[in-house]
Structure formats: C-alpha cells, structure tokens
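Enquirer: Quick one: this structure, given as structure tokens, is what I'll be asking you about.
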Amino acid sequence: MFKWITEIDQPPFEFNNENGEFRLKRLDSTVELNEMSPVCQLFASFDVILDHDALTILPTPNDHALETILNEVVPHYLDVKQIFIDGKLKEINVRSLKKESKKIVEDLLSNNIYPVIPELYRTKNLNLPTEPRKLKHYLVKLELIDPLFIEETEKIHNFFKSSFFTESGSIKLQPTGWKLNEHLKESVTIRAFSTFAKQIVLVVNEEDMRVVGLDIYG
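Read left to right, the sequence shown gives residues 3 to 220 (my numbering).
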C-alpha cells in the first residue's frame, strides 16, 4: 500500500448507551443570523452540497458545547430537538436548514467558505451502499503528513474537543468523491485536521477503494 498509511483492525467505538427516562423537547429559535460560523458551515454544507436533508446529532456534554450549538448552529435550522435522559440534556438534533441559511452556504461556497468543506465533499453523490461492503481501516501516519494551518480549524477543533471528543472520543465524517491513492496524502482535510487529531482513520471500500468514512480522534 502507501507509506503514509497502515492497515488496522476496526477501532472500537466508545458509545454511551445510557438507560433512563427519555424525553424529547422541541426547541424553537427566534434568533436570526446573517452569517455562519465555520462550525455550522461544516455540518450545513453537507445538506447543501449533497442536496440531502440530513439529521445532525450534536452531543452536549458540557456548557461550552451547548453554548456553541445554541448560538452558532440552532438559529440556522427549522427542526431542532433536545434529547434528555433522566432530565439531563444529552444532545441536540437539528434538521432542515432555513431558506436564508441555505443561501448563506451557497454564497460561501462561491467565495470564502472554510477550505476543508469543498475538499471534504468533492461530489454530490453520497454513494450509499445497496449491498454489504467489505471495509478496511487505514491509520494515517500523521508524522508523514504536511500540516496545513488554517485559522478556522482552531474553532472546529475547540468544538470537536468540547462535544464529540468528550462524548465518544471521535467524530465520524462522510467524505464524498474520495479514492484511496497516493495523492490523498495532500488532502486539505487530512492536512488541516492533522494539526490537532490524535489519530485519523480512513474507512475504505475494498472493492473500489472509495473512502466512505473519515474518523477523527481527539
């Protein structure tokens, strides 16, 4: 294979399967934003580029994560639900970008969006499986990656650290249009996230070498 990756077994996923009284509460935001933070761009762009009304699940293990979600993400969505377990807020689920927010993303995609986004989602095809796939996992050797420092990446890192990394140790992204080859080493996404990730794992469909998952550990 390539010198900058090594094949590994599928990493265990830390999943907090908490039992308790489940309660769902709708959250209506009256805040209107005419701009979008890099954190929200990362999630909202998936919907716009792929024309896919996805459910985004955002863990809220601490006040920093909650504040970021409420201030930067929630105002851009029509359907927002809070998930409580035994009276404690565990996550906020968002779906359906507001029309105005879609326009913000479209404008940003034409000019000045966080550079990782158009490189992460290279095509409009999510390439969902229609039959079982044989997946392989490859650990990126971060010491062989040329780090790329982008100002917005620090904000993304801070949010990942307070939310996904605190909750489960990783965030799992779905790149589109990626194929495992030597040139992928120069990926803007991999280079930018290598500045803070403890590990980066590529999930690859062995049949066609498409990268179907990008797992970032922190």
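Glycine included, every Cβ here is placed at the ideal spot set by N, Cα and C. Quick caveat, the model's predicted, so the values are computed rather than measured.
Beta-carbon within less than 6 Å of K92's beta-carbon, same chain only, minus the 5 sequence neighbours each way: which residues are those?
Expert: So the qualifying residues of the chain are I85.
Enquirer: Short of 6 Å in beta carbon distance, which residues of its chain neighbour E208, apart from the five on each side in sequence? Order them along the chain.
Expert: Correct list, in chain order: K136, K138.
Enquirer: Pick from K105, P77, G89, D109: whose alpha carbon is nearest that of V96?
Expert: Here the closest residue by C-alpha is P77.
Enquirer: Let's test the definition: count the other Cβ atoms within 10 Å of the Cβ of I10 and tell me whether it reaches 16, buried, or not, exposed.
Expert: Under this definition I10 is an exposed residue.
Enquirer: If we count the other Cβ atoms within 10 Å of its Cβ and call it buried at 16 or more, is F162 buried or exposed?
Expert: Classification of F162: buried, given that the 10 Å Cβ count is 16 or more.
Enquirer: Taking the beta strand (DSSP E) that E175 falls in, what are its first and last residues?
Expert: For the record, residue 175 in the displayed sequence is Leu; it is not Glu. Where L175 is concerned, the enclosing beta strand (DSSP E) stretches over 172-175.
Enquirer: For the alpha helix (DSSP H) that V118 lies in, which residues bound it at each end?
Expert: V118 -> alpha helix (DSSP H) spans 118-122.
Enquirer: Compute the distance between the beta-carbons of L146 and S196, then report whether it is under 7 Å.
Expert: No, the pair does not count as a contact, with Cβ atoms beyond the cut-off.
Enquirer: Roughly how many angstroms lie between the CA atoms of F48 and E23, to the nearest whole one?
Expert: Approximately 32 Å, taken between the alpha carbons.
Enquirer: For T125, collect the residues of the same chain with a Cβ closer than 8 Å to its Cβ; drop the 5 residues on either side in sequence, then sort them by chain order.
Expert: Counting only Cβ-Cβ distances below 8 Å, and skipping sequence neighbours, we find T178, G179.
Enquirer: Tell me which residue opens and which closes the alpha helix (DSSP H) that E153 is part of.
Expert: Segment 153-164, the alpha helix (DSSP H) holding E153.
Enquirer: Run through DSSP, which three-state label would F24 get?
Expert: Here F24 sits in strand by DSSP.
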